[in-house]
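Protein chains: 2
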Amino acid sequence: MNTIQVKLGKRSHSILIKQGLLKKIPALLNAKNKGQKWLIISHYKLLELFGFTLMENLKKSGFKCEYITLPVGETAKSFIEYRRIVSQMVEMGCDRQTNILCLGGGDVGDVGGYAAATYKRGINYYQIPTTLLAMVDSALGGKTGINLSEGKNLIGHVYQPRGIFIDPDLLNSLPPEELNAGLSEILKYGIIRDQDFFHTLLEELDTIDSFNYTSAIIHCCRIKAKIISRDETELDLRRILNFGHTVAHALEAYLGYGRIRHGEAVAYGMLSAGWISKKLGLLKDSEFTLMSQAIHKLPLPKLPPMDTALLLPFIKMDKKNKHGNLNYILLKGLGNAVISKDVTEELILKSLKFLA
Amino acid sequence: MNTIQVKLGKRSHSILIKQGLLKKIPALLNAKNKGQKWLIISHYKLLELFGFTLMENLKKSGFKCEYITLPVGETAKSFIEYRRIVSQMVEMGCDRQTNILCLGGGDVGDVGGYAAATYKRGINYYQIPTTLLAMVDSALGGKTGINLSEGKNLIGHVYQPRGIFIDPDLLNSLPPEELNAGLSEILKYGIIRDQDFFHTLLEELDTIDSFNYTSAIIHCCRIKAKIISRDETELDLRRILNFGHTVAHALEAYLGYGRIRHGEAVAYGMLSAGWISKKLGLLKDSEFTLMSQAIHKLPLPKLPPMDTALLLPFIKMDKKNKHGNLNYILLKGLGNAVISKDVTEELILKSLKFLA
Numbered sequence: 038m039n040t041i042q043v044k045l046g047k048r049s050h051s052i053l054i055k056q057g058l059l060k061k062i063p064a065l066l067n068a069k070n071k072g073q074k075w076l077i078i079s080h081y082k083l084l085e086l087f088g089f090t091l092m093e094n095l096k097k098s099g100f101k102c103e104y105i106t107l108p109v110g111e112t113a114k115s116f117i118e119y120r121r122i123v124s125q126m127v128e129m130g131c132d133r134q135t136n137i138l139c140l141g142g143g144d145v146g147d148v149g150g151y152a153a154a155t156y157k158r159g160i161n162y163y164q165i166p167t168t169l170l171a172m173v174d175s176a177l178g179g180k181t182g183i184n185l186s187e188g189k190n191l192i193g194h195v196y197q198p199r200g201i202f203i204d205p206d207l208l209n210s211l212p213p214e215e216l217n218a219g220l221s222e223i224l225k226y227g228i229i230r231d232q233d234f235f236h237t238l239l240e241e242l243d244t245i246d247s248f249n250y251t252s253a254i255i256h257c258c259r260i261k262a263k264i265i266s267r268d269e270t271e272l273d274l275r276r277i278l279n280f281g282h283t284v285a286h287a288l289e290a291y292l293g294y295g296r297i298r299h300g301e302a303v304a305y306g307m308l309s310a311g312w313i314s315k316k317l318g319l320l321k322d323s324e325f326t327l328m329s330q331a332i333h334k335l336p337l338p339k340l341p342p343m344d345t346a347l348l349l350p351f352i353k354m355d356k357k358n359k360h361g362n363l364n365y366i367l368l369k370g371l372g373n374a375v376i377s378k379d380v381t382e383e384l385i386l387k388s389l390k391f392l393a
Numbered sequence: 038m039n040t041i042q043v044k045l046g047k048r049s050h051s052i053l054i055k056q057g058l059l060k061k062i063p064a065l066l067n068a069k070n071k072g073q074k075w076l077i078i079s080h081y082k083l084l085e086l087f088g089f090t091l092m093e094n095l096k097k098s099g100f101k102c103e104y105i106t107l108p109v110g111e112t113a114k115s116f117i118e119y120r121r122i123v124s125q126m127v128e129m130g131c132d133r134q135t136n137i138l139c140l141g142g143g144d145v146g147d148v149g150g151y152a153a154a155t156y157k158r159g160i161n162y163y164q165i166p167t168t169l170l171a172m173v174d175s176a177l178g179g180k181t182g183i184n185l186s187e188g189k190n191l192i193g194h195v196y197q198p199r200g201i202f203i204d205p206d207l208l209n210s211l212p213p214e215e216l217n218a219g220l221s222e223i224l225k226y227g228i229i230r231d232q233d234f235f236h237t238l239l240e241e242l243d244t245i246d247s248f249n250y251t252s253a254i255i256h257c258c259r260i261k262a263k264i265i266s267r268d269e270t271e272l273d274l275r276r277i278l279n280f281g282h283t284v285a286h287a288l289e290a291y292l293g294y295g296r297i298r299h300g301e302a303v304a305y306g307m308l309s310a311g312w313i314s315k316k317l318g319l320l321k322d323s324e325f326t327l328m329s330q331a332i333h334k335l336p337l338p339k340l341p342p343m344d345t346a347l348l349l350p351f352i353k354m355d356k357k358n359k360h361g362n363l364n365y366i367l368l369k370g371l372g373n374a375v376i377s378k379d380v381t382e383e384l385i386l387k388s389l390k391f392l393a
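Protein sequences, first through last, are from chains A and B. In terms of our numbering, the first sequence has 213 at position 176, counting the first letter as 1, and numbering is strictly consecutive. In terms of our numbering, the second sequence has 211 at position 174, counting the first letter as 1, and numbering is strictly consecutive.
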């Protein structure tokens with residue numbers, strides 16, 4: 038078992054990573070079971086794949102366990118679904134001692150975590166990520182939230198889970214394109230924070246079929262745990278995790294949710310931010326070429342023809358905005374992300390043309 | 038100026054108390070103004086009384102200031118009003134640097150604070166309480182939240198303000214029954230935590246017309262600030278602030294919101310809890326008599342005839358429930374509240390009959 042600590046005083050918790058971990062969860066939570074309610078929040082496909090077995094195992098170990106079903110995909114994060122979750126929790130008689138287990142990808146983790154953050158002013162929850170993206174990114178760090186019709190993640194809270202259980206075996210049930218979408222976030226960690234890891238990945242991506250997910254997940258979780266421990270609420274360092282995300286969010290919003298996967302959008306976003314870093318003289322040509330090579334080893338969909346000017350409003354809407362100046366994450370060399378205020382709209386537009 | 042510190046590490050902040058403080062707010066916030074948006078959340082009556090003047094003064098001092106209006110009363114804390122606030126904030130272009138000023142009583146403070154807690158995962162806010170109840174209780178401690186149709190305060194978060202500005206002069210605009218409703222919360226601090234303060238109040242309440250609100254507010258804020266600094270999230274000590282509140286919430290829910298004021302319900306709730314403490318041998322007869330005398334000096338409405346058995350479901354719903362056992366706050370002597378698990382339904386029913 039790999040155990041990684043997230044050090045946050047009273048909000049400290051562990052990330053446990055091991056193939057086959059799902060079966061061990063009842064034993065691992067046993068000491069925390071004082072007869073309270075345990076609530077699995079997940080979507081119906083995942084419940085059939087893993088959730089109902091987990092629930093049976095918990096019940097056999099003496100846990101009072103119930104579940105709430107969400108729709109698949111981004112709809113799970115709507116205001117209406119959130120409202121339904123908390124209503125159902127009241128109906129079930131959930132109290133402040135109830136523990137939530139979020140079993141799913143980023144969507145489930147975000148809305149389930151937000152329900153935990155806000156139900157009766159906050160109850161305990163655990164993350165059990167089922168996608169590669171969630172295992173290396175969204176399940177870690179306590180960002181929870183929901184969408185409004187006006188935009189994604191407009192409502193939320195940073196609220197830490199009591200633990201994160203990562204079972205890389207769950208990835209076997211994912212379609213290959215879902216796995217690939219997660220690879221770009223893995224690559225991101227190398228690009229922004231760890232040059233050696235980047236070079237390892239550059240090599241390993243030549244043979245994606247034999248990619249060692251478990252070891253990559255452990256590596257990424259270590260990096261992210263350190264960053265969160267230093268800057269929980271994204272005042273400075275944590276921002277670098279948003280590398281490539283301003284353009285990624287704009288691409289997702291412009292193309293319409295569901296037309297491009299988050300990980301794919303991040304790949305293009307990283308290319309754009311890398312290109313800008315190069316133009317500003319922060320990233321060497323050779324480094325940008327290496328980064329580009331690595332990203333192009335990911336099986337990315339071709340972007341459809343876009344009117345790049347129409348992307349700009351989405352970029353301005355991005356919540357990393359500060360007093361109207363964009364805080365842009367750039368690279369000052371490979372493996373070293375920095376926060377810059379020098380990125381003009383013109384430069385972003387040019388970088389988007391470079392992508393298209 | 039009286040300055041009281043709430044010590045909570047990074048979430049530390051000050052409570053400033055002074056007659057005429059409202060006018061000084063622009064000067065006091067000046068160092069925090071970096072050109073971001075400042076948003077006054079209040080209801081229309083208070084905006085006319087104080088809010089628009091505050092906004093003008095802020096604007097004159099170079100603040101970018103806007104406002105959002107809420108309905109008067111508990112409706113302000115509905116899910117729908119909350120949804121409207123955050124939508125309006127998106128429309129106004131509020132970003133993570135936006136600061137909210139909650140100008141109002143508990144309702145405004147709760148929903149405004151909750152908007153701050155959840156908008157883009159949390160922004161800064163300040164409390165400017167306008168009722169006695171808010172000045173001594175609800176504006177302090179970071180409890181924020183909204184109601185669901187299923188019950189009060191079911192959704193919320195503990196999220197500290199960056200500062201609390203208390204101007205006792207604002208009380209002059211309140212109708213006397215509002216002021217009186219706040220007196221029971223003041224009395225509560227003496228009863229649960231400070232016997233000397235209780236005896237001072239017992240005397241002062243004989244001449245309510247000349248009651249020294251400023252000095253009582255300072256005293257209560259000192260007690261509450263100490264309690265919050267020791268137990269922010271109500272794991273133990275902070276619970277004693279709920280003295281009388283289980284029955285109070287049940288009375289409010291049973292009689293229907295608006296039929297009894299929160300402070301009035303708390304007065305009856307304290308009588309009930311005191312009576313139970315006496316029955317369990319924790320509170321001397323003479324102490325209960327003193328406490329009763331003090332409470333009856335408050336101008337309380339007579340309770341209508343009630344079917345006390347019908348109150349019980351509301352008491353069980355109370356969120357201070359733990360695995361089905363009620364955590365009841367009792368008195369082990371005047372000025373010394375404790376948490377008890379020994380309170381049976383039968384005893385509560387009997388105490389309710391004593392009230393009626």
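From the three backbone atoms N, C-alpha and C, an ideal C-beta is built for every residue, glycine too.
Nearest-angstrom Cα separation, counted from Val43 (chain B) out to Gly300 (chain A): 43 Å
Interface residues of chain B facing Phe116 (chain A) [CB-CB closer than 8 Å]: Arg120
Among A:Ile313, A:Leu335, A:Ser314 and A:Leu216, nearest to Ala304 (chain A) - alpha-carbon criterion: A:Leu335
First and last residue of the uninterrupted beta strand (DSSP E) at Gln134 (chain A): It is not in any beta strand (DSSP E) - Gln134 (chain A) carries neither H nor E in the DSSP assignment.
Phe100 (chain A) to Leu91 (chain A) span [Cα, whole Å]: Counting only the Cα atoms, Leu91 (chain A) lies some 11 Å from Phe100 (chain A).
Under 8 Å by beta carbon: chain A residues contacting Leu191 (chain B): Val123, Val127, Tyr156 and Lys157
Where Lys69 (chain B) meets chain A, residues with beta-carbon distance less than 8 Å: Those within 8 Å of Lys69 (chain B) in chain A number zero; the least Cβ separation is about 13 Å.
Ile260 (chain B), enclosing alpha helix (DSSP H) - first and last residue: Tyr250 to Arg267
Thr181 (chain A) beta carbon near the ligand NAD (any heavy atom closer than 6 Å): No copy of the ligand NAD appears in this structure; indeed no ligand is present at all.
Neighbourhood of Ile366 (chain B) by C-beta, 7 Å cutoff - its chain only, sequence neighbours within 5 removed: Cβ within range, chain order: Arg276, Ile277, Asn279, Phe280, Ala310, Ala374 and Ile376.
Assigned secondary structure, Phe100 (chain B) (DSSP; H/G/I helix, E/B strand, else coil): coil
CB contact check: Val303 (chain A) to chain B, cutoff 7 Å: Taking Cβ atoms only, chain B never reaches closer than 7 Å to Val303 (chain A), which makes this a no.
Interface partners of Leu185 (chain B) on chain A, CB under 9 Å: Under the 9 Å cutoff, chain A gives Arg120, Val123, Ser124 and Val127.
Short Cβ contact (7 Å threshold) for Pro108 (chain A) with Tyr162 (chain A): no
Glu214 (chain A) to Arg298 (chain B) span [Cα, whole Å]: 59 Å
DSSP three-state assignment for Thr168 (chain B), whether helix, strand or coil: coil
CB contact below 7 Å: Val380 (chain B) versus chain A: no
Stretch-stretch touch, CB-based, cutoff 8 Å, three pairs: the segment 214–224 of chain B with the segment 166–182 of chain B: yes
Minimum Cβ-Cβ distance from His194 (chain B) to chain A less than 7 Å: Answer yes: the Cβ-Cβ gap between His194 (chain B) and chain A drops below 7 Å somewhere.
Residue closest to Thr40 (chain B), alpha-carbon to alpha-carbon, out of B:Leu65, B:Lys60 and B:Ile332: B:Leu65
Backbone secondary structure at Tyr162 (chain A) - three-state DSSP: strand
Opening and closing residue of the beta strand (DSSP E) in which Asn190 (chain B) lies: Gly188 to Val195
Members of the segment 88–101 of chain B that neighbour chain A once the beta carbon cut-off is set at 7 Å: none
Neighbouring residues, chain B, relative to Lys180 (chain A) (Cβ below 8 Å): Arg158
Val145 (chain A) vs Ser79 (chain A) beta-carbon contact at 7 Å: yes
Start and end residues, beta strand (DSSP E) containing Asn39 (chain B): From DSSP, the beta strand (DSSP E) with Asn39 (chain B) extends over Asn39 to Val43.
Best match in A:Leu319, A:Arg133 and A:Ser186 for proximity to Glu271 (chain B) [C-alpha to C-alpha]: A:Arg133
Neighbour list for Gly188 (chain A) in chain B, Cβ cutoff strictly below 9 Å: Val127
For Asn184 (chain B), the first and last residue of its enclosing beta strand (DSSP E): Lys180 to Leu185
For Ser79 (chain A), the residue or residues it bridges with in DSSP: A:Thr106
Nearest-angstrom Cβ-Cβ length linking Leu138 (chain A) and Ile117 (chain A), presumed shorter than 8 Å: Rounded, the Cβ-Cβ distance is 22 Å, inconsistent with contact.
Assigned exposure category for Gln73 (chain A) - 16 Cβ within 10 Å defines buried: buried
Beta-carbon proximity list for Lys82 (chain B), same chain, < 7 Å, skipping 5 on both sides: Correct list, in chain order: Val109.
Min CB distance Asn373 (chain B) to chain D below 7 Å: Among the protein chains in the structure shown, which are A and B, there is no chain D.
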